[in-house]
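Below is one structure; the comments refer to it alone.
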DNA sequence: TTCCGACAGTGGGGTCGCAAT
DNA sequence: ATTGCGACCCCACTATCGGAA
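Residue numbers (the working numbering): 2 to 323.
Next up, the structure:
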């Protein structure tokens, strides 16, 4: 069951909803039986070997059989979920694909941060399916299991307090909240309106430094815009944005960019060849706004979405805002 | 008739493994 | 040794079409 992107339910209706923090990690369903745990990802891939810590679930549920739904997350030093940290774990040994020798963590190697399985739903218990039960009943039964270990936890759900939950998620630097209708059954495989994800989106002004040729239906406009921001007077690369345009905007921007084309990269430091491949450069005079989730370690926008031109803004004033 | 949900298509950052260079 | 590419993870968004409302 997946959540539909959206906004908080109206205040008058929030008493019919529970609000949970949105955890930035990898979705996984755990099958616990006979002292064993099997962890499956969204694509059906077997993650059991990739995140062996989750095997501790078996010890927390002696003699029980159940199916749990949750998120595997890696925590940074401040205890916040970090998808970038988790990525170092994602390609580890797994019965799905990884014949790979495990790489020693330490000198030269990427550290392997521990992960935590955050459980938020109970799909079956001791042979009885809970799918048709309402959220409240599933949640009650989940809480009754008393899952609380180093590597497996049941984070709290807040009933009726959507605005406070969203504020908390923002203050804690989390991705957002997921609102779940109290009366709703579990709908496997469906993107349901009974679950609504409300993300803490950020916006950033960017200077358009160029574009990359598109593919397929985008071959005659562009694939993505190459973005920059000023840092102490130097224009630095901030990643690409390739979504959020409709046909009209694609055509309009293509026409605006054509007369601005130049040979030289407008960035103060040349991009690595891989990044610059297929790029057309322009005079850095157009300013646009993008929505995004966070900055990556490398200073790129994560999940960038084009919002529109900002003709009211001076390119020289475009700096990283947070 | 209108609207919603599912799908396909296009794009992003990032990591890893393997083949081509 | 480096580079390129696809396969996975996470994701946003547009356009389309058929069936539900």
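Just so you know, even glycine gets a beta-carbon here, dropped at the ideal spot from N, CA and C.
Model, not experiment: these values are computed from the prediction.
With fewer than 16 other Cβ atoms from the protein chains shown falling within 10 Å of its own Cβ, residue 63 counts as exposed. With respect to residue 200, residue 163 sits apart: the two C-beta atoms are not nearer than 8 Å. In the three-state reduction of the DSSP assignment, residue 136 falls in the helix class. Residue environment: residue 7 is assigned as exposed (fewer than 16 neighbouring CB atoms within 10 Å of its CB, all protein chains considered). By the criterion of a C-beta distance shorter than 7 Å, residue 298 is surrounded in its chain by 85, once the five residues flanking it on both sides are discounted.
Three or more Cβ pairs closer than 8 Å define a contact, and the stretch 18 to 26 meets that threshold against the stretch 168 to 176.
The continuous beta strand (DSSP E) containing residue 195 extends over residues 192 to 200.
Counting only runs of 3 or more residues that sit fully inside the stretch 49 to 91, the beta strand (DSSP E) segments are 67 to 75, in chain order. Distances from the CA of residue 204 to each of 304, 264, 215 were compared; the closest alpha carbon is that of 304. Within the DSSP bridge table, the entry for residue 23 names no partner.
In the DSSP assignment, residue 293 is bridged to 203. By the Cβ neighbour-count rule, residue 130 is exposed, with fewer than 16 other Cβ atoms within 10 Å of its own. C-alpha of residue 156 to C-alpha of residue 58: approximately 15 Å in a straight line. Around the Cβ of residue 44, a 10 Å sphere holds fewer than 16 other Cβ atoms; the residue is exposed. Residue pairing by DSSP places residue 118 opposite 73, 153 in a beta bridge.
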